[in-house]
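Structure, as structure tokens:
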Amino acid sequence: MVVGATLQARIREAGLAYLLLLPSLVFLAAFTYWPILRSIWFSFHDVVLGDSKIIWLGLENYQRLWEDRLFWKAFGNTAFYTIITIPVAITCALLMAVALDSKLRGMAIYRSAFFYPVMIPSVAAGMVWVFLYSASYGPINQGLRLIGLPDTAWLYDSTWALPAIMVMSVWKYSGYFMLILLAALKLVPSDLYEAARLDGVSAWHRLIHITLPLISPTLYFVVIIGLLHSYQIFDYVYVMTHGGPADATNVLTFYIYQNGFQYQDIGYASTLANVLLLFVGGLIAVIATVFGRRIHYLGR
Amino acid sequence: MTSLSSETTSVPVLTGPRPALAALRRGWLHLVLVPIALLWLSPLLWILVTSLKARTEVFDPAAGFWPQALEWGNYPAALSVAPFGTYLVNSILVTGGILVAQLTTITLAAYAFARLNFPGKNLLFTLFLLQIMFPIYATFLTNFVTVRELGILNSLPAMIVPFVASGYGTFMLRQAFRQVPTELADAARLDGCGHFGILWHVYLPLVKPTLIAFGIITVVTHWNDYMWPLLVTNSEGVRTLPIGLGLLAKSDSGADWTRLMAATVVVVSPLLLLFVIFQRRFVDSFMHAGLK
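If you're matching them up, the sequences are chains A and B in order. Counting in the numbering used here, the first sequence runs from 1 upward without gaps. Counting in the numbering used here, the second sequence runs from 1 upward without gaps.
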């Protein structure tokens, strides 16, 4: 009888658990996992937006992708943006965090100055930077003129358009990474620094040999966050350049948008979306294997 | 503890000239930090200054940085071109809807993961966690097809449904729930509380800081959302503030920067004002939300 009662209790507990999970699971299934499965399914078909007819294509979409020069350009741009912007933004964030990790006067003001861009909608940030980058009346060119440098039409120049967006991204996100790193720095015991300082270890070596290893789990976390935020380049490209000039700023998310919404070619756009997921997933896997193992956990 | 404190008191004796040196070092730090902070603040300054300039001043290199006269008229002019009141109401409804829906789903799910035992727990938790890796930017295409089939395109619910479940929020709240001592729940159970009573009277009041932190991050994220609302809306009645701002920029094609910057100030200021007022709360949320 007792065994039966506990079994019944366990079943009731499990039933309650599933009931509590149900609302989340329904939406998780419908708007996260179903779209991914569907996108894999669509990539083997010819699917036109608004047309219920679906034609089996086999690997044709993937073959087309392989030969699509614009895809490779968009892929290259995405990789370039991701691989340069994240380390630069994190380095900036780290330097800011180290500088602010002391009882500095005006600390709150500095912190807010670096963090406020996170609060600004991407569309507003993009617009302001279009203005700042403007060739004739933009403040950046006006400043460069003062020191005798020639004008550059930043966002209309195929060499500079993507780096210009990257500079803006660093401005937008460094503050966020800085806050997370600052929280980690506060946990590093100060007697470690004291001991190193008394032993005559220079500030640079203290940073490299004490600070960095001790906050490496957080750095790792920030890299992942940065990777997920790098998707947001769609907003900037849409607002600032619309992929131009001559596709110099066309990135995968934007190319998916063009194929799916402008050419209504859902099948090919799904193929691109799968490649994007593989790219980001692959980067995360690489980071996890390369850095995941070297992480030091304090006191573990 | 005692050995630690005796150590710290002995440090100043060992290094006599340190306070002066530290002061000097801090002076240098300010010398470096002030220009960088100004550089970071300059786009915001530019928005404010341009929003108060006369239209022609913007294009005149000789006009200088400050406006010759403050053109407050840019603000009503900007607000009259588009129904910003409607945009504001829609932004509040969408962001509020997402916040309420998420707080509900993550509370229920986090309680199940933190305090109940059931088969398949680890697998389901992994599914929740993996959602973090698939943001809307990665799944917008097929999600658009789904929303279209559901017949809710161009409506407020279309902007809410993809964000109702939150793996990240569930994870954060589960960690917080696990910090709550089980004795408290046991005591409440002896007093005749059921699971929902315990959840409501014991757990939720104790994890308020986590709820607030998650709420702030959700509000900042979805108040500023651009891509998804852009894709699923096509009429004035349902657009949100960022979409309205983007449209204004497009229709002006960059010609009228003063009006555009005035509209930008209007769109940006609610969150920035909240940030200035509740600075500590905001900073703490973003600082710690990901680390627990």
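Backbone N, C-alpha and C define an ideal beta-carbon position, used for all residues, glycine too.
Item: Neighbouring residues, chain A, relative to residue 131(B) (Cβ below 7 angstroms); Value: 28 and 32
Item: The alpha helix (DSSP H) enclosing residue 136(B), as first and last residue numbers; Value: 136 to 149
Item: Contacts of residue 223(A) in chain B (Cβ-Cβ under 9 angstroms); Value: None at all; the shortest Cβ gap to chain B is about 12 angstroms.
Item: Residues in the stretch 162 to 180 of chain A having any Cβ partner in chain E nearer than 7 angstroms; Value: Absence of chain E from the displayed structure is noted, the protein chains being A and B.
Item: Residue from 153(A), 117(A) and 80(A) whose Cα sits closest to the Cα of residue 252(A); Value: 80(A)
Item: According to DSSP, residues forming a beta bridge with residue 265(A); Value: 48(A)
Item: Proximal residues of chain A, C-beta to C-beta of residue 195(B) below 8 angstroms; Value: 16
Item: Residue 260(A): contacting residues in chain B (beta-carbon distance under 7 angstroms); Value: 141
Item: Supposed contact pair residue 135(A) and residue 151(A) - C-beta distance, whole angstroms, cut 8 angstroms; Value: 6 angstroms
Item: Chain-ordered residues of the stretch 104 to 127 of chain A with a beta carbon less than 8 angstroms from chain B; Value: 104, 105, 106, 108, 109, 110, 111, 112, 113, 114, 115, 116, 117, 118, 119, 120, 121, 122, 123, 124, 125 and 127
Item: Near-chain A residues of the stretch 265 to 287 of chain B (beta-carbon distance less than 7 angstroms), N- to C-terminal order; Value: 267, 268, 271, 272, 275, 279, 283, 286 and 287
Item: Proximity below 8 angstroms, CB of residue 123(A) to CB of residue 239(A); Value: yes
Item: Contact set between residue 211(B) and chain A, taken where Cβ atoms lie within less than 9 angstroms; Value: Those do not exist, as residue 211(B) stays about 16 angstroms from chain A at its closest Cβ, beyond 9 angstroms.
Item: For residue 31(A), the nearest candidate out of 78(B), 139(B), 33(B) and 235(B) (CA to CA); Value: 139(B)
Item: Close-in-space but distant-in-sequence residues of the same chain around residue 325(A) (CB under 7 angstroms, 5 per side omitted); Value: Only positions 1 to 300 of chain A appear in this structure, which leaves residue 325(A) out of reach.
Item: Separation of residue 64(A) from residue 95(A), as counted between CA atoms; Value: 45 angstroms
Item: Residue-level contact to chain B via CB, residue 268(A), 8 angstroms cutoff; Value: no
Item: Strand pairing of residue 56(A), partner residues [DSSP]; Value: 45(A)
Item: Listed by chain order, chain B residues near residue 256(A) by CB distance under 7 angstroms; Value: 141
Item: Segment contact flag, the stretch 99 to 107 of chain A with the stretch 217 to 226 of chain B, C-beta cutoff 8 angstroms, min 3 pairs; Value: no
Item: Inter-stretch contact at 8 angstroms, needing at least 3 Cβ pairs: the stretch 165 to 173 of chain A / the stretch 190 to 199 of chain A; Value: no
Item: Where residue 263(A) falls, given that 16 or more other Cβ within 10 Å makes a residue buried; Value: exposed
Item: Beta carbon proximity, residue 128(B) to chain A, threshold 8 angstroms; Value: yes
Item: Residue nearest to residue 114(B) in terms of C-alpha spacing, selected from 143(A), 21(A) and 221(A); Value: 21(A)
Item: Backbone CA spacing between residue 133(B) and residue 127(B) [nearest angstrom]; Value: 10 angstroms
Item: Those runs of the alpha helix (DSSP H) which lie wholly inside the stretch 203 to 277 of chain B and span at least 4 residues; Value: 208 to 223, 227 to 232, 241 to 252 and 257 to 277
Item: Interface flag, residue 276(A) vs chain B, CB-CB below 8 angstroms; Value: yes
Item: Beta-carbon spacing of residue 231(A), residue 135(B) below 8 angstroms; Value: yes
Item: Counted within 10 angstroms of its Cβ, other Cβ atoms place residue 77(A) as buried (16 or more) or exposed; Value: buried
Item: Chain B residues whose Cβ lies nearer than 7 angstroms to that of residue 290(A); Value: Within 7 angstroms Cβ-Cβ: nothing; residue 290(A) doesn't reach chain B, min ~18 angstroms.
Item: Residue 109(B) and residue 56(B) closer than 8 angstroms at C-beta; Value: no
Item: Per-residue DSSP class, three states only, for residue 299(A); Value: Unreliable placement is indicated for residue 299(A), whose pLDDT of 42 sits below 50; the coordinate value is still reported in the next sentence. DSSP places residue 299(A) in coil when its eight states are reduced to three.
Item: Span of the alpha helix (DSSP H) around residue 194(A); Value: 190 to 198
Item: Alpha-carbon to alpha-carbon, residue 279(A) and residue 221(A); Value: 18 angstroms
Item: Residue 224(B) versus residue 121(A) - alpha carbon distance; Value: 4 angstroms
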